[in-house]
């Protein structure tokens with residue numbers, strides 16, 4: 002977990018006005034950062050290096066327009082990792098009129114930082130000369146299957162929600178309709194039913210069981226009803242397990 006002092010600085014970078022509130026309320030929009038970049042920030046040592054990186058990003062948000070917070074922070078982290086944080090370039094004077102638009106060179110530098118980050122994760126070829134080339138993830142998508150065969154080498158299961166008609170060829174699917182079940186209860190019931198479908202295939206059933214509760218809840222819709230054969234049986238089983246725990 003990030004140190005509180007670092008989090009406070011980062012929060013100041015990503016404060017946006019809450020459109021849902023009638024009053025002028027500002028909230029931190031943490032979705033502007035991806036998990037990998039924050040992990041890299043936590044790996045910086047000592048703690049002063051993390052503070053320096055966050056402080057540098059804060060200065061950039063006040064002096065110019067930051068379009069990609071993760072890429073900007075990743076670039077700062079790499080600079081500190083290479084040259085240290087003690088001799089970071091001083092902050093120039095900010096125009097009184099407020100934030101300035103980025104120069105072409107600054108935009109290119111941010112693109113390059115993001116490209117390098119993708120290359121480090123093996124998503125983009127670092128030798129690709131065209132920075133704006135779209136990432137080709139076709140090979141990764143072809144590794145996914147909704148109807149595993151005997152000759153397939155399975156690595157793990159991925160839960161997700163999608164229009165039911167698009168899943169007509171999928172082996173494991175459960176239909177959701179509007180209802181009153183909350184995400185947690187609905188996801189547990191779905192797990193019970195999916196395990197029942199996979200009862201004759203222990204390996205696939207183990208993949209379903211290996212998924213954590215949060216992974217199911219995160220992809221589940223709220224206020225739903227399970228509409229599938231065996232739904233009532235799974236609901237009864239869930240109630241019985243609750244009674245046993247009591």
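Numbering (this note's numbering), first residue to last: 2 to 247. Even for Gly, the Cβ is constructed at its ideal location relative to N, Cα and C.
Reduced DSSP category for residue i - H, G, I as helix; E, B as strand; rest coil
i: residue 227; result: strand
i: residue 36; result: helix
i: residue 169; result: coil
i: residue 178; result: strand
i: residue 65; result: strand
i: residue 3; result: coil
i: residue 185; result: helix
i: residue 146; result: coil
i: residue 111; result: helix
i: residue 215; result: helix
i: residue 161; result: coil
Identity of the residue in the options nearest residue i by Cα
i: residue 175; options: 199, 16 and 152; result: 199
i: residue 4; options: 214, 42, 33 and 140; result: 42
i: residue 215; options: 194, 203, 161 and 201; result: 161
i: residue 226; options: 196, 44, 202 and 191; result: 191
i: residue 61; options: 73, 50, 51 and 52; result: 73
i: residue 48; options: 71, 81 and 141; result: 81
i: residue 163; options: 188, 142, 114 and 221; result: 221
i: residue 195; options: 37, 59, 211 and 182; result: 211
Sheet register partners of residue i (DSSP bridge)
i: residue 16; result: 29
i: residue 46; result: DSSP output for residue 46 lists no bridge partner at all.
Residue burial classification, residue i (beta-carbon count within 10 angstroms, cutoff 16)
i: residue 208; result: buried
i: residue 11; result: buried
i: residue 84; result: exposed
i: residue 150; result: exposed
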